[in-house]
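Plus 51 on top of the position in the sequence shown (first one is 1) and you've got this note's numbering. Think of the CB as a built atom: it goes at the ideal place given N, C-alpha and C, for glycine as much as any other residue. These numbers were taken from a predicted model, which means no experiment stands behind them. Step one of this worksheet: look at the structure below.
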Amino acid sequence: MEFGMRFRRADAGMKVNARFWHDVEGMPLDEVRKIQERKLVEQMAYLKANSSFYQDKFAEAGVEFDEIRTIEDLQKLPFTYKTEIRESLSAEPPFGRHRAAPVADITQMQASSGTTGSPSYVALTESDAEMWHEMSARCFFANGVRPGDMVLHAFSLAKGFVGGIPLMQGLQYMGAIDVPIGADGGVDRLLRACADIRPRCIAGAPNFVIHLAEKAEEMLGAPASRLGVERVVVGGEPGGGIPAIRTKIEKLWGAKCTEMLGGTDLGVTYWAECDEQSGMHMVNMDYIITELLHPDTGEILAWEDGAKGEMIYTALGRRASPLVRFRSGDFIEVLGTTCSCGRTGPKIRCTGRTDDMLIVRGANVFPSAINSVVNEMVPETNGVMRVVADFEGHTTQEPLKIIVERGPARKPEGDPTLKKKIEQRMRDALVFKADVRIVDPDTFEKPGAAKVAFVLRKYPDLP
């Protein structure tokens, strides 16, 4: 009996010394555009025949499927919002009205982390799942993982999170060997596996891989830098692109750190940083069309150095849970449009999520940017902070409350001076007024299987 979906890509081992996982990564953009627009026409035809959800949306907008033939034509269409997807899921569980493939064709399901509400359940056909594996393989390859590598799995393996089983499937597909402990397996088990197996790579959330390394001496009697790890791949939360955090990871592990970005709605990961460490490339342009939306004007921006906006995604070739002009909520800055690695996809850094953004006396402030400033002040701080947004909505006219852990070697007597210094740094770097409280190191729980939440909605009960 033959199965269509491959556990491991047949030619995976031949790609060890390749420049890219797939030629499209380095293809001239005019050629990429031809592929995208051919697949866009095919996707519109598929939705016209199979998606009652998009049939209704397009009819309401007064647009015919056949009108959408170019990337610019997408601007005729309405956005798809996360709230609509949640309403769709509630209306027709488990996969929603936007399911566009027969249930009999669905071979896998995943769930989002549910950080903004109930998890979204995403359906995959066999071809969808293999597409996810291919997208992940391109990202890991760009990140520096190679077929034959052992990869310690330090993301959560539980709760249907795409950093769990789908990430493992992507690694297997590219010929790497996933060491399936998971963050939920605990620090001790992960470190023991690292000492026993000595994997070349680790994949996990940036704050957790820092915590893991900091525990190595205590649990193994040796620093993490002696465990043989050469590559740390991070994602799932801001941090990997913040210079102070990246430097800390690399120093602790004695390894190069590269970043990736994705999300459950479109795949596991589709943006990935190469060895240049100068931003994450879109390496899956033949599977996803990405538009850049100015959050205030609604204008679609060109992919130029310095452009900033929210990423809008349209899936190509997707069957079970297709999305058109999906507002991702990821706010990014374009860091470059060329790279010495030869990849032609733009390079970005994710500066935060639009649903996390706070407006402090008219200034847009991302918690990840605050985290970056606090990490730049190590060892005066411990690099750990929480924003207390104890007000309705995302806007306040008051100074923004921030709790910061002092550095382990600092005495509490110096807290007033440190408080003023951090507040001034916030004003200078991020143009907002902060009200900082300094607390002891390790006041907040160390990172674990869940993402680190930088924002608290009420002031915690602190000593």
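To the nearest whole angstrom, what separates the beta carbons of residue i and residue j, a pair I think is in contact under 8 Å?
{"i": "VAL238", "j": "LEU222", "result": "Not confirmed; about 21 Å, so no contact."}
{"i": "ARG120", "j": "GLU93", "result": "Contact flag wrong, Cβ pair sits at about 11 Å."}
{"i": "TRP72", "j": "ARG189", "result": "4 Å"}
{"i": "ALA63", "j": "PRO198", "result": "5 Å"}
{"i": "PRO346", "j": "GLU327", "result": "Not confirmed; about 28 Å, so no contact."}
{"i": "SER102", "j": "PRO373", "result": "7 Å"}
{"i": "PRO145", "j": "TYR105", "result": "Between TYR105 and PRO145 the Cβ distance is about 19 Å, and since that is not below 8 Å, they are no contact."}
{"i": "HIS332", "j": "LYS266", "result": "Contact doesn't hold; Cβ gap of about 33 Å is too wide."}
{"i": "PHE505", "j": "SER419", "result": "7 Å"}
{"i": "ILE340", "j": "ILE136", "result": "Contact flag wrong, Cβ pair sits at about 18 Å."}
To which residues of the same chain is residue i closer than 8 Å at the C-beta, ignoring the five residues directly before and after it?
{"i": "LYS517", "result": "Here the chain has residues from 52 to 514 only, and residue 517 is not among them."}
{"i": "THR447", "result": "LEU409, ILE410, VAL411, ARG412 and ALA440"}
{"i": "ASP356", "result": "VAL385, LEU386, GLY387 and THR388"}
{"i": "PHE58", "result": "GLN223 and TYR224"}
Let me check one thing: in DSSP terms, what residues is residue i bridge-paired to?
{"i": "TRP322", "result": "LEU312 and MET333"}
{"i": "GLU361", "result": "LEU344 and PHE382"}
{"i": "ASP517", "result": "With the chain covering 52 to 514 only, the question about residue 517 has no answer from this structure."}
{"i": "GLY403", "result": "PHE382"}
{"i": "GLU456", "result": "VAL490"}
{"i": "CYS252", "result": "VAL202 and ARG282"}
{"i": "VAL75", "result": "None; VAL75 has no bridge partner."}
{"i": "ILE157", "result": "THR176"}
Taking 6 Å as the limit between beta carbons, can you name the residues of its chain near residue i, skipping five residues before and five after?
{"i": "HIS262", "result": "LYS497 and PRO498"}
{"i": "GLY255", "result": "ALA205 and PHE206"}
{"i": "ILE86", "result": "ASP337"}
{"i": "ALA152", "result": "THR176, ARG370 and ALA371"}
{"i": "GLU53", "result": "With a pLDDT of only 42 at GLU53, under the threshold of 50, the placement of this residue in the model should not be trusted, and no figure is reported."}
{"i": "LYS359", "result": "GLU384"}
Spatial neighbours of residue i within its chain, please: C-beta separation below 7 Å, excluding the five flanking residues on both sides.
{"i": "ILE157", "result": "ALA174, LEU175, THR176 and ALA371"}
{"i": "ASP466", "result": "ARG457 and ILE489"}
{"i": "ALA112", "result": "LEU128 and PRO129"}
{"i": "VAL114", "result": "LYS127 and LEU128"}
{"i": "VAL260", "result": "ALA205, ILE253, VAL283, VAL285 and ILE300"}
By a C-beta neighbour count over all protein chains shown, 10 Å radius and 16 as the cutoff for buried, is residue i buried or exposed?
{"i": "GLY393", "result": "exposed"}
{"i": "HIS184", "result": "buried"}
{"i": "GLU342", "result": "buried"}
{"i": "VAL482", "result": "exposed"}
{"i": "LEU469", "result": "buried"}
{"i": "ASP316", "result": "buried"}
{"i": "ARG282", "result": "buried"}
{"i": "LYS471", "result": "exposed"}
{"i": "ASP512", "result": "exposed"}
{"i": "TYR364", "result": "buried"}
{"i": "THR131", "result": "buried"}
{"i": "PRO79", "result": "exposed"}
{"i": "ALA264", "result": "buried"}
Just checking, does the region 293-313 make contact with the region 233-249 on the three C-beta pairs under 8 Å criterion?
Cβ pair count under 8 Å is below three, so no.
Check whether the region 321-336 and the region 306-313 touch, using three or more Cβ-Cβ pairs below 8 Å as the test.
The region 321-336 and the region 306-313 touch, with no fewer than 3 CB-CB distances between them shorter than 8 Å.
Stretch-stretch touch, CB-based, cutoff 8 Å, three pairs: the region 487-495 with the region 449-468:
Below 8 Å, enough C-beta pairs join the region 487-495 and the region 449-468 to call them touching: three or more.
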